[in-house]
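Here the structure comes first, spelled out in structure tokens, and everything after it is commentary.
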Amino acid sequence: MAPPSYTRATTSSTSRATSTSSKSDDTTTQTSTPEKNRNKKNLKRPSKLTPQARQSINYHQNLHPIKPQNSSKPCPLATLPSELRVYIYTFYYLSRQQQQTSSSCPKPRKTPPILHLCRAMRIEAAYTYYTTTPFTFAVRNLDFGPVTRWMDSLSLEHRGLLSRNSKLTINAIPAIRHTFAYPPPEYLLDGYVVDHWKACQQFGNLYMAVHKKHFVMFCRLASWFLWCDKAGITWGYAFPMLFHSHLLAHKNMVREFLRRDIVGLTEPCVRKAWTKNGDKAGLVKREMLRWLDALNTYYVQLTGCDTDVGAGRQWRERMSAVKGAVESW
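Just so you know, this note's numbering puts 1652 at position 183 of the sequence shown, and the rest follows in order with no gaps.
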């Protein structure tokens, strides 16, 4: 008589039992392998290298030797240690003039020819070049686009070296001037309104701002400060005199720059922009105050013992008003 169906094993239980038995067999076979491997490791011949020899091998692995193009001719630079070659690169860069890239130039100046000779010299000389060379950029209408484009064109390694350079300077011309005396329709400052609207989208709608020029200036400064923080690069600021102007005209230009343009940071449109970007307000506030301090220090050094007490008092009142508005962000 056949057993009832409920006492017979199902297909799933049968396959489960088969898999567990195979796993037990595997574990029994694997238990013997670690002992064999352990015996093999014990038979490994110990290294005969001394600590000094091992340190020398590790040191030479990180070096990039200079390979002359013609091995039959002597190459004194290749025989020198890398420490002495770094001194030579430093002397070479110090004897050159500081690199200046103006916003009026279509392309920034090229890197020195020494960085294009070979890989070893590029690695050694790039550190000295990007960490010690004074870089100066002229900026018009607070447009930092040429500076960011130049730094974006650098490799990540060279851009990282700029964060160690303490000689980076922005020569911000203290004046906001229109490109055209009679600008075409839908044109603002130095570009079309559509282009400004795209650049200012993260801070608000340019078309809704009452004072569009002030809003564009604020967006350019804020974008520049955020970009520098992301790249980890700190810049110094100067406000040079134009070549065709004299001292008295330059003083008046700096005063008008504060009265007509910088005061725009206190406008309600700027306050609304920080309502939308409250998480970034602390960073930009710190950099904006540093930029205003640089402008204030420059004006005090420029005027010196100015006998025009009224102009000095107006400058202090307007500067304190702008700083108070920025500190409230």
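C-beta: ideal position from N, C-alpha, C; glycine also.
Since this is a predicted model, take the numbers as computed values, not measurements.
Cβ neighbour criterion (16 or more within 10 Å) applied to residue i
i     : result
H1683 : buried
K1544 : A small fix is needed here, since residue 1544 is Cys in this sequence, not Lys. With fewer than 16 other Cβ atoms within 10 Å, it is exposed.
C1574 : Any answer about C1574 is weak, because its pLDDT of 47 lies below 50 and its placement is not dependable; what the coordinates show is given next. The residue in question, C1574, is exposed, as its Cβ has fewer than 16 Cβ neighbours within 10 Å.
I1526 : exposed
V1739 : buried
F1848 : The structure shown does not extend to residue 1848, since the chain is modelled only from 1470 through 1798, so no value can be given for it.
R1728 : exposed
G1779 : exposed
M1757 : buried
R1724 : buried
L1716 : exposed
T1776 : Confidence at T1776 is low in this model, with a pLDDT of 47, below 50, so its placement is unreliable and the value that follows should be read with caution. Answer is exposed; the Cβ neighbour count stays below 16.
L1625 : exposed
T1497 : Low per-residue confidence applies at T1497: pLDDT is 49, beneath 50, and the placement is therefore not dependable, though the value from the model is reported in the following sentence. With fewer than 16 Cβ atoms within 10 Å of its Cβ, T1497 is classed as exposed.
L1764 : buried
T1480 : exposed
A1790 : exposed
L1611 : buried
A1607 : buried
V1663 : exposed
V1795 : buried
8 Å Cβ cutoff met for residue i and residue j
i     : j     : result
T1605 : T1638 : yes
L1690 : K1681 : no
V1616 : L1658 : no
F1694 : V1769 : no
A1707 : N1640 : yes
L1446 : F1687 : Residue 1446 lies beyond the range of the chain shown here (1470 to 1798); nothing can be said about it.
R1554 : L1563 : no
N1634 : Y1596 : no
R1642 : R1609 : According to the sequence provided, residue 1642 is Ile. The question's Arg does not apply to it. In contact: I1642 and R1609 (Cβ atoms closer than 8 Å).
R1782 : V1732 : no
K1720 : T1772 : yes
H1627 : R1588 : no
L1631 : I1702 : yes
E1593 : S1540 : no
M1590 : I1645 : no
Residue interval of the beta strand (DSSP E) (run including residue i)
i     : result
R1701 : Note that residue 1701 corresponds to Gly in the displayed sequence, not to Arg. No beta strand (DSSP E) contains G1701, which DSSP labels as neither H nor E.
V1608 : F1604 to V1608
Range covered by the alpha helix (DSSP H) that runs through residue i
i     : result
T1638 : Segment L1637 to A1641 is the beta strand (DSSP E) holding T1638; no alpha helix (DSSP H) there.
V1791 : V1778 to E1796
T1772 : A1750 to T1772
R1554 : S1551 to L1563
P1545 : P1545 to T1548
M1722 : L1716 to E1725
A1595 : R1588 to T1601
According to DSSP, residues forming a beta bridge with residue i
i     : result
A1707 : N1640
G1660 : L1657
Three-way DSSP call (helix, strand, coil) for residue i in this model
i     : result
L1734 : helix
C1688 : helix
F1613 : coil
G1515 : The displayed chain sequence assigns Pro, not Gly, to residue 1515. In the structure shown, P1515 sits in coil (DSSP, three-state: anything other than H, G, I, E or B).
T1648 : coil
N1527 : helix
T1487 : helix
T1480 : helix
F1672 : coil
K1807 : What the structure shows of the chain is the stretch from 1470 to 1798, and residue 1807 is not part of that stretch, so it cannot be assessed.
L1623 : coil
T1535 : The residue you asked about is not Thr; residue 1535 is Ile in the sequence shown. Of the three classes helix, strand and coil, the one that applies to I1535 here is coil, per DSSP.
P1582 : helix
A1678 : coil
R1729 : helix
R1633 : coil
H1665 : helix
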